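*Asks:*
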Amino acid sequence: MSESVSEQEIVRRQKLAKLKELGIEPYGEKYQVTHCATDVIGRFVALEGQPLLLAGRLMTIRTHGKASFANLQDESGQIQIYLRLDDLGEKNYMIFELLDMGDIIGVSGEAFRTRRGEVTVAVKEFRLLAKSLRPLPEKWHGLTSVDLRYRQRYLDLIVNPDVKKVFILRSRIVQEIRNYLNGLAFLEVETPVMHTLTGGASARPFITHHNALEMQLYLRIATELHLKRLIVGGMDKVYELGRIFRNEGISTRHNPEFTSVEIYQAQADYLDMMILTEELVSTVAQKVFGTMKLLFQGTEMDLTPPWPRMTMVAAIKQFAGIDFNEIITDEDARSVAVEKGLTIKPGMLRGEVMNEIFEEFVENRLFQPTFIVDYPLEVSPLAKRKTDDPSMTYRFEAFMACSEIANAFTELNDPLDQRQRFEWQMAKREAGDEEAQMLDEDFLHSLEYGMPPTGGLGIGIDRLVMILTDSPSIRDVILFPTMRPRD
RNA sequence: GAACCAUUAGCUCAGUCGGCAGAGCACCUGACUCUUAAUCAGGGUGUCGAUGGUUCGAGUCCAUCAUGGCUCACCA
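Add 251 to the 1-based position in the first sequence for the working numbering, that's all there is to it.
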């Protein structure tokens, strides 16, 4: 933010000084409001002629000599106010003339209808609650600079009313997710954000340092391993809704810190998690939007359960024309991928290649809610192997609007198998894969006491909110997205 | 991390072939007691993102850098 003061800011500071000279406190005490703007408009018939107290920000001012109209904006919306010299007296009217757009005032008066029919508050008294020293963005176009909108979200919220709607919806979506899970007797818990090692997902972490312990700490990239420890401890239905951090690029679908909800249920499997996913998402949509059919970027999406299920192998066969039932070796898999034009790292395993092909050719075809089930072992280090095919796992991901919104599996509860999977991950780490997971000895230790059969599910809240609110960028659903600081 | 686009007044944006820095809103001065993008009469308030270069002369052309957007890569 620049230190320089524009001419307009100088004028406002002069007005501030003048108000003080007149004995006006420019940053007043709280104003005891009785109504909000939309209240007065919506209940005009009942409220006409009643004393009303409102407070808000002056958004427009239209002076006509000895009378003025202005628009007052509070949290509910805007209402027109009308101030006359005859009603206010000369001194107060002069004080009003020292106000600017953006100032926050409290008004008391009565509602009436203008000749043009607009519900308006005829102000008898007003009080300055906060003087605004900077001009607001322009009133027709508002604030459109995407950069400034994110950096100065408060301005965005003041002048672009639709922005607030999205964040109200976000809040309600999160609230309904909690309601739904609490209703099923899931217990909301909080686990550490700072980890001594990273796991539960494949991602590079943020690193920080604890002075007293003189140790390196990582910001969590997932909540999974702690929640499963709770399952070991006998907390049979738990969830955590919170922020996780991944040290990766920024895009319209990625922010370095984002919100996930992870849900774990003992004596459940991935099939139960599938039902939970479709019921949760469709119920939330029904409660928040009153429908399970939503538009996303112009196309209708039907969230009504049950959602279609398709194995990854079948999906690849359908959309990429490759039949992985006939591809046995890693080498064959790699050459098929190369034929399809993919760049494949040397030494990639069959399952990893399969996942690459899926992401390249299938993901962007999954607009309607769809479950893709049975993921290869190689890309699922925490999921249980299928008994009839140990190269695959009991895992699914849910897709909506061509975006992955949920990832779930029957949790691997065999400590020996889990140790081996970690060892594979560590080998990948040593081979230079910074996203590979670290061996979590303490987690293995807990598994060795015995973890019941468990279903686990993770949902990306930001992605889900994006899709449900028809927002094209993740930054539209994060109040303060990560930005490089400006000098 | 790579390509492309953008950066000019408080905000939204024009700026032609390289020749005095522009508009609307906002702001300032004045008029106006039912306006609502109020109106009317005046007033331009600027480090043209930064630094170099080419040129008699650069907002404009070139190079580098910065920031943002977008597409891709990575990922969720």
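Using N, Cα and C, we set each Cβ at its ideal position, and we do this for glycine too. Please read these numbers as outputs of a predicted model, since none were measured by experiment.
Let's test the definition: count the other Cβ atoms within 10 Å of the Cβ of residue 691 and tell me whether it reaches 16, buried, or not, exposed.
*Replies:* In the first sequence, the residue the question calls residue 691 occupies position 440. Counting Cβ neighbours within 10 Å, residue 691 comes out buried, since at least 16 surround it.
*Asks:* Between residue 496 and residue 471, which are expected to be in contact by the criterion C-beta below 8 Å, what is the C-beta distance as a whole number of angstroms?
*Replies:* Taking the first sequence and counting its residues from 1, the one referred to as residue 496 is at position 245. Taking the first sequence and counting its residues from 1, the one referred to as residue 471 is at position 220. Right, the Cβ-Cβ distance comes to about 7 Å (below 8 Å), so this counts as a contact.
*Asks:* Could you tell me the alpha carbon to alpha carbon distance between residue 252 and residue 302, rounded to whole angstroms?
*Replies:* For the purposes of this step, residue 252 is identified with residue 1 of the first sequence, where counting begins at 1. For the purposes of this step, residue 302 is identified with residue 51 of the first sequence, where counting begins at 1. The pLDDT assigned to residue 252 is 34, lower than 50, so where the model puts this residue is not dependable; a value taken from the coordinates is nonetheless given after this. Put simply, the backbone Cα of residue 252 is about 42 Å away from that of residue 302.
*Asks:* Are the beta-carbon atoms belonging to residue 563 and residue 605 less than 8 Å from one another?
*Replies:* Residue mapping note: residue 563 aligns to position 312 of the first sequence, counting from 1. Residue mapping note: residue 605 aligns to position 354 of the first sequence, counting from 1. Yes, Cβ-Cβ distance for residue 563 and residue 605 is below 8 Å.
*Asks:* Looking at the structure shown, is residue 372 part of a helix, part of a strand, or coil, going by DSSP?
*Replies:* The residue labelled residue 372 in the question sits at position 121 within the first sequence. Residue 372: strand per DSSP, three-state reduction.
*Asks:* Can you give me the C-alpha to C-alpha distance between residue 717 and residue 623, rounded to a whole angstrom?
*Replies:* Residue 717 sits at position 466 when you count from the first residue of the first sequence. Residue 623 sits at position 372 when you count from the first residue of the first sequence. Answer to the nearest angstrom: the Cα atoms are 21 Å apart.
*Asks:* Using a Cβ distance threshold of 8 Å, determine whether the segment 476 to 491 contacts the segment 511 to 520, with at least three qualifying pairs required.
*Replies:* yes
*Asks:* Suppose you measure from the CA of residue 464 to the CA of residue 447; what does that come to, to the nearest Å?
*Replies:* Residue numbering aside, residue 464 sits at position 213 when the first sequence is read from its first letter. Residue numbering aside, residue 447 sits at position 196 when the first sequence is read from its first letter. So the two alpha carbons sit approximately 11 Å from each other.
*Asks:* Where residue 537 and residue 430 are concerned, what is the direct C-alpha to C-alpha distance, given to the nearest angstrom?
*Replies:* Here residue 537 corresponds to residue number 286 of the first sequence, with the count starting at 1. Here residue 430 corresponds to residue number 179 of the first sequence, with the count starting at 1. Spanning the two alpha carbons is a distance of roughly 13 Å.
*Asks:* By a C-beta neighbour count over all protein chains shown, 10 Å radius and 16 as the cutoff for buried, is residue 635 buried or exposed?
*Replies:* Counting from 1 along the first sequence, the entry for residue 635 is found at position 384. Buried is the call here.
*Asks:* By Cβ distance, which residues of its chain are closer than 7 Å to residue 388, with the 5 residues on each side in sequence left out?
*Replies:* For this step, residue 388 is matched to residue 137 along the first sequence. Only 394, 406, 410 meet the Cβ criterion.
*Asks:* Classify residue 502 as buried or exposed, calling it buried when 16 or more other Cβ atoms lie within 10 Å of its own Cβ.
*Replies:* As a working mapping, residue 502 is identified with position 251 in the first sequence. Of the residues assessed, residue 502 falls on the exposed side of the cut-off, its CB having fewer than 16 other CB atoms within 10 angstroms.
*Asks:* Buried or exposed: residue 415, going by 16 or more other Cβ atoms within 10 Å of its Cβ?
*Replies:* Along the first sequence, read from residue 1 onward, the residue named residue 415 stands at position 164. Residue 415 is exposed by the Cβ-count criterion.
*Asks:* For the candidate residues 567, 326, 473, 529, whose alpha-carbon lies nearest to that of residue 511?
*Replies:* On the first sequence, position 260 is the one that residue 511 refers to. It is 473.
*Asks:* In angstroms with no decimal places, state the Cα-to-Cα distance between residue 706 and residue 260.
*Replies:* By 1-based counting over the first sequence, the position of residue 706 is 455. By 1-based counting over the first sequence, the position of residue 260 is 9. Roughly 59 Å between the two C-alpha positions.
*Asks:* Applying the 10 Å Cβ sphere with the 16-neighbour rule, what's the burial state of residue 299?
*Replies:* Taking the first residue of the first sequence as 1, we reach residue 299 at position 48. Exposed.
*Asks:* Between the beta-carbon of residue 506 and the beta-carbon of residue 455, is there less than 8 Å?
*Replies:* As a working mapping, residue 506 is identified with position 255 in the first sequence. As a working mapping, residue 455 is identified with position 204 in the first sequence. No, these two residues do not count as a Cβ contact at 8 Å.
*Asks:* Given a cut-off of 8 Å, decide if residue 661 and residue 521 are closer than it, judged by their beta-carbon atoms.
*Replies:* Against the first sequence, residue 521 aligns to sequence position 270. Against the first sequence, residue 661 aligns to sequence position 410. Yes.
*Asks:* Tell me which residue opens and which closes the alpha helix (DSSP H) that residue 476 is part of.
*Replies:* One-based indexing of the first sequence puts residue 476 at position 225. Run containing residue 476: 475 to 483, per the alpha helix (DSSP H) assignment.
*Asks:* In chain order, which continuous runs of the alpha helix (DSSP H) of length 4 or greater are located wholly inside the segment 254 to 318?
*Replies:* 258 to 272, 288 to 293, 295 to 298
*Asks:* Would you mind giving the Cβ-Cβ distance between residue 428 and residue 535, rounded to the nearest angstrom? I have them listed as a contact below 8 Å.
*Replies:* In the first sequence, residue 428 corresponds to position 177, counting from 1. In the first sequence, residue 535 corresponds to position 284, counting from 1. 6 Å between Cβ atoms; contact.
*Asks:* Going by DSSP, what residue range makes up the beta strand (DSSP E) through residue 453?
*Replies:* Along the first sequence, read from residue 1 onward, the residue named residue 453 stands at position 202. Here residue 453 belongs to no beta strand (DSSP E), and DSSP marks it neither H nor E.
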